[in-house]
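Report on the following structure.
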Amino acid sequence: MSIVTIRNVEFLNNPARFLDPYHFRVTFECIAPLPEDLEWRLIYVASPGNEELDQELDDCLVGPVPAGVNAFEFEGSAPNPSKIPLEDVLGVAALILTGSYKDQEFVRVGYYQNTEYDNEEMKEALPEPIRFDRLVRDINTKPRVTRFQIKWDILPPQGGTAVAAGAANSAAVPSADDIGDEGPSVNGKPT
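Start counting the sequence shown at 41; every next residue gets the next number (the working numbering).
Below you can see the structure in the form of structure tokens.
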């Protein structure tokens, strides 16, 4: 059983210029108060075959977290263009939002991002060098969600015994492409 369930991730600036910061709101439900912070990280993956090129764009701590529905806004910087191989700048990349509690990742929400030029002429005749000021990004609004079982060590809302959901080491839990039990939603709209 997970103590925290993401209900919605709303991108507040999508589509946007490639060099603009990412700005979004995360809404999640917590079924028991968490005395420690939740850590959220935003990662840009330009080259899926090479983790060394992944860029952590930002992270933030949220907590302590009361029981109930909670939300926060997150702003992450744009990826550093000098760290992206030229052949991976245009086209599809991945944007990953992770949630952790006590250094244990409990959720990973991945999005595909398409990057292209902002006009047809540049799309057809690619300028050299790449003009980052003319690139736009569009994040696909259908996420891929992976949940992990972790050891929460939190009292459940009924009181009584401590919850030790999952093992001390995280293990992948297969999931559908959804967020929450009430059905997936993106930008506040059911999908």
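Using N, Cα and C, we set each Cβ at its ideal position, and we do this for glycine too. Owing to the predicted nature of the structure, the values given are computational and were not obtained by experimental measurement.
Note down the Cα distance separating Phe112 from Val44, rounded to an integer number of angstroms.
14 Å
Delimiting residues of the alpha helix (DSSP H) encompassing Glu113
Glu113 -> not in any alpha helix (DSSP H); beta strand (DSSP E) instead, spanning Gly108 to Gly116.
Segment limits, alpha helix (DSSP H) that includes Glu161
Glu160 to Glu164
Pairing CB atoms from the region 51 to 60 with CB atoms from the region 174 to 184, are three or more of them under 8 Å?
yes
Which term fits Ile46, buried or exposed, when burial requires 16 or more other beta carbons within 10 angstroms of its beta carbon?
buried
Mind checking Pro104: buried by the 16 CB within 10 Å criterion, or exposed?
exposed
Applying the 10 Å Cβ sphere with the 16-neighbour rule, what's the burial state of Ala133?
buried
Reference Leu130; option with closest CA among Asp193, Tyr152 and Val109:
Tyr152
Could you tell me which whole beta strand (DSSP E) segments of length 3 or greater appear in the region 123 to 173?
Entirely contained in the region 123 to 173, the beta strand (DSSP E) runs reaching 3 residues are, in chain order, 131 to 141 and 144 to 157.
Residue-chain proximity (Lys163, chain B), Cβ-Cβ < 8 Å:
Protein chains in the displayed structure number just one, and chain B is not present.
Is the beta carbon of Ala86 less than 8 Å from the beta carbon of Leu93?
yes
Where does Ala93 fall in DSSP's three states?
Here residue 93 is Leu; the residue named in the question, Ala, does not match the sequence. In the structure shown, Leu93 sits in a helix (DSSP, three-state: H, G or I).
Please go through the same chain and pick out, in chain order, the residues whose beta-carbon is closer than 7 Å to the beta-carbon of Val102, but skip the five residues on each side of it.
Asp77, Leu78, Trp80 and Phe112
Per DSSP, Trp80 is paired with what?
Paired residue(s): Cys100 and Gly139.
Name the two residues that bound the continuous beta strand (DSSP E) containing Leu175.
Leu175 to Ile179
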